[in-house]
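**Q** Handing you this structure, nothing more for now.
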Amino acid sequence: LHERYEEWLVKKNKFSLPAPVVVAVEGNIGSGKTTLLNHFRQHPDVEVLEEPVDKWKNVGGKNLLELFYTDCQRWSYLFESYAVLSLMKIHKKPHVTPVKMIERSVYSGYFCFEHNLCKSGMMSKVEHSVHNEWFNWITKQQQPHLDLIIYLKTSPETCMERIKARNRSEEKTIPMELLNALHERHEEWLIQGKFPVPAPVMVVDGNRDLEEMITFYKKNDQYILGMKQ
Ligand code: TTP
Ligand code: MG
12 LHERYEEWLV KKNKFSLPAP VVVAVEGNIG SGKTTLLNHF RQHPDVEVLE EPVDKWKNVG
72 GKNLLELFYT DCQRWSYLFE SYAVLSLMKI HKKPHVTPVK MIERSVYSGY FCFEHNLCKS
132 GMMSKVEHSV HNEWFNWITK QQQPHLDLII YLKTSPETCM ERIKARNRSE EKTIPMELLN
192 ALHERHEEWL IQGKFPVPAP VMVVDGNRDL EEMITFYKKN DQYILGMKQ
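Letter by letter, the sequence shown follows residues 12 to 240 of the numbering used here.
Quick look at the structure:
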């Protein structure tokens with residue numbers, strides 16, 4: 012274990028400090044999750060675990076992300092099932108610091124992406140039924156715990172600009188409709204309470220430019236790390 016973490020555990024027991032914290036960063040594709048995580052990566056009490064996009068690009072030598080965007084109907088079930096597996100591994104990774112920050116969670120994979128694929132007819136009813144059983148079972152068995160959700164609420168137009176600027180080759184075909192739809196799914200889940208929300212939600216305006224976002228993160232780091240309410 013990380014030395015600081017051990018030190019912190021001793022202090023925690025002595026002064027009954029709160030248990031280690033897991034913070035998930037949620038928001039649309041291109042909403043700024045990685046930028047937020049990169050900022051907190053330097054914090055000594057934080058371990059940042061990014062979404063396994065690189066793993067999705069190389070599954071036994073195949074680029075599953077590319078397959079998914081090339082023929083969504085054919086590959087969406089496999090992609091979502093692999094997303095559950097790789098995100099669950101991140102949830103279950105033992106703490107090495109007082110705060111573990113993760114990009115997305117198994118919940119947004121399901122309540123936002125999976126539901127959107129069903130709604131748009133990209134996943135069949137029977138695929139959804141199997142995925143639903145799989146998701147319910149694994150979340151009940153493994154209890155992927157979150158203490159706080161940071162919701163980066165960014166307009167779909169801004170997300171599109173950022174996706175274009177970063178130029179991930181697999182994402183070249185992402186249409187505005189997909190970003191609008193995923194924005195709706197995040198709002199339904201995190202604001203309107205259409206699906207279970209596993210932790211308190213802090214909504215952060217993600218539309219500001221990089222410098223302003225960093226200033227905001229510096230000013231509010233104790234809240235974002237779940238150390239203050
Ligand atoms: P995001 O999880 O939105 O990550 P990002 O790095 O694009 O976001 P940010 O710019 O805010 O850091 O999506 C990564 C890619 O994976 C994206 O192309 C969408 C896709 N994806 C799915 O198709 N289904 C899923 O269930 C998940 C979790 C991602
Ligand atoms: Mg990212």
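Beta carbons are placed, not taken as given, at the ideal position from N, Cα and C, and that holds for glycine. Just so we're clear, the structure is a prediction, and the values are computed from it rather than from any experiment.
At the level of alpha carbons, what is the spacing between N218 and F51?
**A** Stepping through the sequence shown from its first residue, residue 218 is reached at position 207. Stepping through the sequence shown from its first residue, residue 51 is reached at position 40. Near 19 Å, if we compare the C-alpha coordinates of F51 and N218.
**Q** So, for E58: in the same chain, excluding its five sequence neighbours on each side, which residues have a beta-carbon less than 6 Å away from its beta-carbon?
**A** Here residue 58 is taken as the residue at index 47 of the sequence shown, counted from 1. V107, T108, K111, listed in sequence order.
**Q** Report back the beta-carbon spacing between H142 and S97 to the nearest angstrom; my notes put them in contact at under 8 Å.
**A** Taking the first residue of the sequence shown as 1, we reach residue 142 at position 131. Taking the first residue of the sequence shown as 1, we reach residue 97 at position 86. The Cβ separation is near 15 Å, so there is no contact.
**Q** So what's E61 in DSSP terms, helix, strand or just coil?
**A** Against the sequence shown, residue 61 aligns to sequence position 50. It is coil, neither helix nor strand.
**Q** Label A94 either buried or exposed according to how many other C-beta atoms from any shown protein chain fall within 10 Å of its C-beta, with 16 as the threshold for buried.
**A** Start at 1 with the first residue of the sequence shown, and residue 94 comes out as number 83. Buried, because 16 or more other Cβ atoms sit within 10 Å of the Cβ of A94.
**Q** Nearest by alpha-carbon distance to D65: which of H156, R179, K44 is it?
**A** Within the sequence shown, numbered from 1, the residue matching residue 65 stands at position 54. Distances from the CA of D65 to each of H156, R179, K44 were compared; the closest alpha carbon is that of R179.
**Q** Could you tell me if I202 is buried or exposed, where buried requires 16 or more neighbouring beta carbons within 10 angstroms of its beta carbon?
**A** Reading the sequence shown from its first residue, position 191 is the one you call residue 202. Exposed, by the Cβ-count rule.
**Q** Buried or exposed for V137, going by 16 or more other Cβ atoms inside 10 Å?
**A** Here residue 137 refers to the residue found at position 126 of the sequence shown. Result: exposed.
**Q** Quick check: is any heavy atom of the ligand TTP less than 6 Å from the C-beta of R115?
**A** In the sequence shown, residue 115 corresponds to position 104, counting from 1. R115 Cβ: within cutoff of the ligand TTP.
**Q** Going by other Cβ atoms of all chains shown within 10 Å of its Cβ, with 16 needed for buried, is T226 buried or exposed?
**A** In the sequence shown, the residue the question calls residue 226 occupies position 215. Result: exposed.
**Q** Given the structure, does A192 come close to the ligand TTP, in the sense that its CB is under 6 Å from one of the ligand's heavy atoms?
**A** Mapped onto the sequence shown, residue 192 falls at position 181. Not under cutoff, so the answer is no.
**Q** For F79 and K183, I'd like the C-alpha separation in whole angstroms.
**A** Your numbering for residue 79 matches position 68 in the sequence shown. Your numbering for residue 183 matches position 172 in the sequence shown. The straight-line gap from Cα to Cα measures roughly 12 Å.
**Q** What separation, rounded to the nearest whole angstrom, lies between the Cα atoms of Y121 and F90?
**A** Locating residue 121 in the sequence shown gives position 110, counting from the first residue. Locating residue 90 in the sequence shown gives position 79, counting from the first residue. Rounded to whole angstroms, Y121 to F90 spans 12 Å at the Cα level.
**Q** For G38, which option in R177, H156, G204, S119 has the closest C-alpha, if you only look at C-alpha atoms?
**A** Along the sequence shown, read from residue 1 onward, the residue named residue 38 stands at position 27. Cα-wise, what sits closest to G38 is S119.
**Q** Taking Cβ positions, are P63 and H102 nearer each other than 7 Å?
**A** Along the sequence shown, one-based indexing puts residue 63 at 52. Along the sequence shown, one-based indexing puts residue 102 at 91. No, the pair does not count as a contact, with Cβ atoms beyond the cut-off.
**Q** Taking the beta strand (DSSP E) that E37 falls in, what are its first and last residues?
**A** In the sequence shown, residue 37 corresponds to position 26, counting from 1. Residues 32 to 37.
**Q** Using a threshold of 7 Å, state whether the C-beta atoms of W67 and L75 are closer than that.
**A** The residue labelled residue 67 in the question sits at position 56 within the sequence shown. The residue labelled residue 75 in the question sits at position 64 within the sequence shown. Yes.
**Q** Got a sec, what are the start and stop residues for the alpha helix (DSSP H) N138 sits in?
**A** Counting from one through the sequence shown, the residue named residue 138 turns up at place 127. Reading the sequence as shown, one finds Glu at residue 138 and not Asn. Here the alpha helix (DSSP H) through E138 covers 136 to 153.
**Q** For Q84, which residues in the same chain have their Cβ closer than 6 Å to its Cβ, ignoring the five residues on either side in sequence?
**A** Stepping through the sequence shown from its first residue, residue 84 is reached at position 73. Cβ within range, chain order: M133.
**Q** Look at the alpha carbon of I161 and the alpha carbon of P207, and state the distance between them as a whole number of angstroms.
**A** If you number the sequence shown from 1, residue 161 lands on position 150. If you number the sequence shown from 1, residue 207 lands on position 196. Their Cα atoms are separated by approximately 16 Å.
**Q** V32: which of F124, L159, M99 sits nearest, CA to CA?
**A** The sequence position of residue 32 within the sequence shown is 21, counting from 1. If we check each option's Cα against that of V32, L159 comes out closest.
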